Structures are given as structure tokens and as C-alpha cells.
Amino acid sequence: MLEELSVTWRRGGPPTLLTISHRPPKPTVPAVLANGVDGDGPLELLAHWLEQCRRHRGIGNTQRDLGVDAVAVSGEIDGQHLGYAMDRTGREYLVRGQRHGTERHRSSGTDVAARTHLPALLTERLAELVWRLAGPPPPAAGSRIRDMWPTAGLIDLDEDELHERYALPSPTEGHVRLVAVSSIDGLAAVDGSSAALTSSGDQRVYRLIKRDADLLLLGANTVRAEQYGQTALSAPEIARRRANGLPSYPAVAVVTRSLDLDLSGPLFQPSIGGHGQPRPILIVPAAAAAGASTAVAEAAELLVAGDYNVDLNQAIQLLRQRGHRRIVCEGGPALAGQLAQADLLDEICVTITPQLLAVAGPRITAGPAGRPAGGQWQLHRSLLDEQGNLFLRYTRPGPSGRADGPPTV
Ligand SMILES: NC(=O)c1ccc[n+]([C@@H]2O[C@H](COP(=O)([O-])OP(=O)(O)OC[C@H]3O[C@@H](n4cnc5c(N)ncnc54)[C@H](OP(=O)(O)O)[C@@H]3O)[C@@H](O)[C@H]2O)c1
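Take 122 as the starting number for the sequence shown in this note's numbering and just add one per residue.
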């Protein structure tokens with residue numbers, strides 16, 4: 122196992138590996154973990170460790186201080202001896218073979234468990250243990266992020282700290298968050314896409330925001346323009362969602378009147394990264410639902426709100442009734458503008474990218490001429506990455522402020 126990890130480890134040197142087995146524990150393994158395991162399979166071992174980690178937070182801190190990068194478990198499953206490891210990025214490693222024989226089958230990559238038909242529970246438990254013991258992966262190149270306001274930060278934020286900066290109010294409340302990226306001069310798209318505006322830091326924040334979402338809400342033009350499909354989450358990211366009582370992936374809902382969507386596109390694929398993808402929801406007015414083809418009705422779930430146009434107020438209420446309380450709106454401008462006009466937004470997370478484009482194009486909201494959307498906004502937090510992207514989180518002020526109030530300076 123160690124040999125396999127050393128060969129494939131992407132960061133060069135061999136990782137610090139915590140191996141969980143029935144062999145006598147190494148001195149670094151807290152004594153409390155060495156006793157009382159019921160059953161002798163890897164699943165039972167992992168369950169026992171998880172139980173202990175949930176009870177004693179210090180266990181995770183100790184392992185992180187020791188610099189654990191990956192967690193491995195070994196034991197018998199279906200008469201075969203296996204060594205199964207996962208690193209902080211969710212990359213899996215598997216060595217399978219007869220305990221006393223010389224034959225070994227090795228594989229590495231992601232979705233090893235799915236490819237080799239290991240029990241899904243094994244992956245889930247190992248992934249949860251990885252984030253509890255090894256911690257989050259190091260940020261991708263160019264995406265180191267620090268606090269700007271209310272206090273300027275002197276250190277790079279790790280994934281857990283960054284996640285805390287975007288913490289939501291009580292999960293039982295309804296909350297609509299708009300996420301958007303804009304150039305210095307306010308452009309939300311170049312040549313019909315936002316791809317040129319995003320960055321590794323922006324993607325890092327976006328993934329964290331998505332991790333807490335029950336549902337991602339989009340306008341149909343954005344799905345068409347960006348050939349939208351969900352970004353695959355790593356096994357540890359999925360484990361965190363599941364530990365918070367959420368399904369592996371957030372649901373996706375698209376607002377459309379025309380129903381003109383590519384049913385063979387990535388959004389309608391039945392699985393993503395080896396995990397079943399929830400059937401997309403199409404939010405439509407009654408007039409559109411009446412004319413929906415069988416193919417559309419099979420590929421997606423139709424949610425009717427409004428007669429000839431989608432009534433967004435009603436749509437949000439219906440989504441909440443179905444348990445989708447934490448909604449992240451990914452745009453585009455037409456949809457975001459209507460949500461703002463209807464006073465349905467609780468929060469805006471906007472990235473200002475250091476680009477001046479000076480061409481025609483949309484802003485992050487579009488709306489009719491006339492009365493501006495009302496409501497006050499206050500800066501809740503701002504962060505900065507090493508490439509100069511500014512991450513601004515705005516919430517509603519006042520006692521009924523829908524987020525967790527302003528931070529104290
Ligand atoms: N910078 C960013 O953060 C960001 C984020 C997202 C998107 N974008 C960019 O924005 C552009 C797309 O934005 P967009 O403003 O053109 O479109 P959009 O908001 O994504 O979608 C508009 C479409 O949504 C449907 N729709 C919206 N409101 C509706 C209602 N009340 N009732 C029924 N249907 C409704 C209609 O779909 P049908 O036409 O199917 O009826 C409408 O054409 C793309 O270039 C994309 O790359 C940028």
C-alpha cells in the first residue's frame with residue numbers, strides 16, 4: 122500500500138499515511154482507538170474510528186498536527202484481502218489480493234471503489250474519516266485566499282476556514298444566495314460565456330458555496346450558453362455534505378418557458394463522478410407544461426409556477442415546501458434581475474475579477490427600465506486571492522437581516 126501510494130502520490134514525496142488495521146497501533150494512534158471494535162472487517166473498523174472522531178475532536182487535531190495526508194484501511198472483504206486508501210483530494214488507492222499469495226491487483230484514481238465494486242459504504246466512511254483526520258486538500262495553484270474585511274488576514278485560509286466565512290444562517294430557514302462573477306467594469310459575460318472571468322480562486326469559493334446548497338437555480342439561457350452540468354465533487358466533499366444530512370449532490374432547477382434544452386447535454390446525464398445525479402427540475406409556467414413533450418417529462422421533473430411566465434415568488438415557495446431551503450442562484454442576469462426586483466434575494470456573493478474589458482455585454486443582473494430594485498445591502502465579508510480576485514459577500518441589514526448579521530470588526 123505504501124509503495125503504491127509513493128509511486129502515484131502527486132506531490133512528489135511519500136505521504137504521511139494513517140493505516141487503520143487490527144495490527145497493534147503505532148504510537149501516534151490514540152489508545153482509545155485501539156480497543157472495542159465489534160467485528161473484524163474494514164467497515165467495522167472505519168465505523169469505530171468515525172464514532173470516536175465524532176466524540177473526541179482532539180483526535181482529528183492530533184492527526185492533522187502530525188501531517189496525515191491520507192488514510193488507509195486494510196482487512197478482509199468477501200474473502201479477499203484489501204488495502205484501501207484515500208488522500209485529501211479524494212484520490213483512491215486499492216491493493217487487492219490473497220492474504221498469503223503473491224498475486225496483487227492494484228489500481229488508483231477516483232471512483233476506484235465504483236469500478237471495483239467495493240461497498241459504497243466503505244468509500245463513504247473512508248471519505249468522512251479522511252476529512253476528519255487528514256483535513257482539506259491544499260488549495261489549487263493560484264487560489265490562496267486571505268481575509269480582507271472585517272479584519273485583514275495574515276495567513277492563507279484553509280478549506281474549513283474559508284467555509285466558515287461563508288457559513289449560512291440556521292439550516293431550517295429559507296435562504297436564497299446569488300453567486301456571480303464580474304469584471305472591474307461590470308461585465309458578466311464575454312462572447313456569451315462567463316468562462317473568461319472565472320479563476321481558480323473563484324472556483325474554490327464556488328465549490329464551497331455549492332457544498333451547502335440544497336438546490337442550484339439557473340435561467341435556461343445560462344444552461345444553454347455554458348453547456349451547464351454539475352461540477353463533480355470529490356469523495357471527501359460528498360462525505361461532508363452527507364454528514365450534514367444533505368444528499369451527495371444538490372438538486373438543479375432551471376427556469377424556462379420555451380423548454381428548449383439539450384436533453385443529451387451534461388445536465389441530463391444520469392450520473393456524475395460515479396454518483397447518481399438528481400433528476401433536474403424544470404420550473405415552467407402552466408402554458409409551457411401543457412405543451413411539454415414526453416421526452417422532456419421523462420428527462421426532468423416539471424414544477425409549475427405561474428400561468429404564462431414563471432412566478433418566481435411562487436416557485437421559491439414550492440421549492441421550499443419540497444425541502445429545498447438553501448437555494449443558490451447561479452444566474453444568469455435575466456433570472457437574477459427578476460429575483461432582485463421581487464425582493465427574493467437574501468445574499469449576494471460576487472467575485473470582482475481584475476479585468477477591464479470595455480466591450481458590450483451583460484451585467485450580473487438585467488432588468489427593465491424604470492424603478493430600481495429596493496432594499497439595502499451591507500458588506501458582510503470580503504476576501505482576496507493571490508491573483509487579485511476580490512470576493513464580496515453582501516447580506517441584508519437590520520434585525521430581520523436574513524443572514525447571520527454583520528461581523529464584528
Ligand atoms: N458572470 C456570471 O456570474 C454569470 C452567471 C450566469 C450566467 N452568465 C452569463 O449570462 C448569460 C445568460 O444570461 P441571460 O440573462 O441571457 O439568461 P438567464 O437568466 O440565464 O436565462 C433567461 C431564460 O430563463 C428563462 N426565464 C427567465 N425568467 C423567466 C420567467 N419569469 N418565466 C419563464 N422563463 C423565464 C427563459 O428561458 P427560455 O428562453 O427557455 O424560455 C429565459 O430566456 C450567458 O452569457 C452566461 O454566460 C454569467
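We put the CB at the ideal spot given by N, CA and C, even for glycine. These figures come from a predicted structure and were not determined experimentally.
For residue i, three-class secondary structure by DSSP
| i | result |
| --- | --- |
| Glu422 | strand |
| Ala301 | strand |
| Arg361 | helix |
| His177 | coil |
| Arg212 | coil |
| Ile266 | strand |
| Thr231 | coil |
| Val189 | coil |
| Ala356 | helix |
| Arg517 | coil |
| Arg484 | coil |
| Leu154 | Low per-residue confidence applies at Leu154: pLDDT is 43, beneath 50, and the placement is therefore not dependable, though the value from the model is reported in the following sentence. Three-state DSSP puts Leu154 in a helix. |
| Leu139 | strand |
| Glu294 | coil |
| His238 | coil |
| His169 | helix |
| Leu388 | helix |
| Thr382 | In the sequence as presented, Thr is not what sits at residue 382; that position holds Leu. Correct three-state label for Leu382: coil. |
| Leu164 | helix |
| Gly526 | Any reading at Gly526 must be qualified, since the residue scores a pLDDT of 45, below 50, and its modelled position is unreliable; the value itself is stated next. The answer is coil: DSSP assigns Gly526 none of H, G, I, E or B. |
| Pro145 | Unreliable placement is indicated for Pro145, whose pLDDT of 43 sits below 50; the coordinate value is still reported in the next sentence. Residue state, collapsed to three classes: coil. |
Residues near residue i in its chain [Cβ-Cβ closer than 6 Å; skip 5 each side]
| i | result |
| --- | --- |
| Ala461 | Thr486 and Ala494 |
| Met269 | Ser503, Leu504 and Leu505 |
| Pro258 | Arg209 and Thr210 |
| Gly394 | Ala353 |
| Gly412 | none |
| Thr472 | Val302, Asp323, Asn510 and Phe512 |
| Ala341 | Val375 and Thr377 |
| Asp279 | Pro257 |
Straight-line gap, residue i to residue j (C-alpha atoms, nearest Å)
| i | j | result |
| --- | --- | --- |
| Leu513 | Ile198 | 49 Å |
| Ser385 | Gly350 | 11 Å |
| Ser304 | Gly313 | 14 Å |
| Gly211 | Ala360 | 10 Å |
| His177 | Leu254 | 12 Å |
| Leu289 | Leu171 | 25 Å |
| Ala262 | Pro163 | 35 Å |
| Asn510 | Gln201 | 50 Å |
| Leu456 | Ala410 | 19 Å |
| Asp159 | Val417 | Confidence in Asp159 is poor, its pLDDT being 49 and thus under 50, which makes the residue's placement unreliable; the coordinate value appears in the next sentence. Rounded to whole angstroms, Asp159 to Val417 spans 49 Å at the Cα level. |
| Glu358 | Arg446 | 20 Å |
| Cys174 | Ile180 | 6 Å |
| Gly325 | Leu440 | The question names Gly, yet the displayed sequence has Arg at residue 325. Distance between the alpha carbons of Arg325 and Leu440: 27 Å. |
| Gly458 | Ala490 | 12 Å |
| Ala191 | Ala421 | 39 Å |
| Ile404 | Val425 | 6 Å |
| Val480 | Glu347 | 20 Å |
| His169 | Val251 | 14 Å |
| Pro240 | Gln508 | 42 Å |
| Leu242 | Arg517 | 41 Å |
| Gly274 | Glu282 | 12 Å |
| Gln435 | Leu339 | 16 Å |
| Leu215 | Ala356 | 15 Å |
| Ser320 | Arg328 | 12 Å |
| Ala193 | Ala248 | 10 Å |
Delimiting residues of the alpha helix (DSSP H) encompassing residue i
| i | result |
| --- | --- |
| Thr343 | Ala341 to Glu347 |
| Gly458 | Pro454 to Gln462 |
| Gln438 | Leu433 to Gln442 |
| Ala408 | Ala407 to Ala411 |
| Gly322 | Ser321 to Arg332 |
| Arg502 | From DSSP, Arg502 is part of no alpha helix (DSSP H) but of the beta strand (DSSP E) over Gln499 to Asp506. |
| Glu282 | Glu280 to Arg286 |
Terminal residues of the beta strand (DSSP E) in which residue i lies
| i | result |
| --- | --- |
| Gly204 | Gln201 to Asp208 |
| Val251 | Taken as a continuous stretch (DSSP letters only), Val251 belongs to no beta strand (DSSP E), being part of the alpha helix (DSSP H) at Ala241 to Leu254. |
| Glu451 | It is not in any beta strand (DSSP E) - Glu451 carries neither H nor E in the DSSP assignment. |
| Ala372 | Ala372 to Val376 |
| Ile276 | From DSSP, Ile276 is part of no beta strand (DSSP E); its letter is neither H nor E. |
| Thr472 | Glu468 to Thr474 |
Nonlocal neighbours in the same chain, by C-beta distance under 8 Å from residue i, ignoring five residues either side
| i | result |
| --- | --- |
| Ala309 | Ala301, Val302, Ser303, Ser315, Leu318, Gly452, Gly453, Pro454, Gly482, Pro483, Arg484 and Ile485 |
| Ile437 | Gly295, Val297, Ile448 and Leu465 |
| Ile330 | Tyr287, Arg298, Val300, Val449 and Cys470 |
| Asp428 | Pro406, Ala407 and Ala408 |
| Gln398 | Gln351, Tyr370, Gln390, Pro391 and Ser392 |
| Arg332 | His284, Leu354, Glu358, Arg361 and Arg362 |
Chain-order list of residues whose beta-carbon lies under 7 Å from that of residue i (same chain, five-residue window excluded)
| i | result |
| --- | --- |
| Arg363 | Glu245 and Ser369 |
| Leu388 | Val344, Tyr349, Gly350, Val373 and Pro401 |
Residue-chain proximity (residue i, chain D), Cβ-Cβ < 8 Å
| i | result |
| --- | --- |
| Ala193 | Absent here is chain D; the protein component of the structure consists of one chain. |
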